[in-house]
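Numbering (the working numbering), first residue to last: 875 to 972.
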């Protein structure tokens, strides 16, 4: 089982909590984890569709919670916040965890 599958399984097992508490509607992983180029010092790049009414503090709590669940640093971004120059590349590479 590759790292993407390991992380996806963890995330799926916490899906209800991520949806109910943090307002996550969709979650995908991209970057070195998907390319199977992750090193021990790599972070996990995650893009989410997130209920914006939850606010910044919930978003920051979500990032911390994901890092605790996955036992790795997480780089978290919303689909809406993706830089236009990188958006297509990230979306083409991203794999849905749920």
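All residues carry an ideal CB built from backbone N, CA and C; glycine is no exception.
Backbone CA spacing between residue 954 and residue 900 [nearest angstrom]: 12 Å
Item checked: For residue 886 and residue 897, the rounded distance between their alpha carbons -> 15 Å
Exercise for review: Name the two residues that bound the continuous beta strand (DSSP E) containing residue 902.
Suggested key: 898 to 904
Discussion item. I'd like to check one pair, residue 908 with residue 881: are the Cβ atoms closer than 8 Å?
Written reply: no
> For residue 935, which three-state DSSP category applies?
Replying inline: helix
#### Entry: Simplified DSSP assignment, three categories, for residue 956
coil
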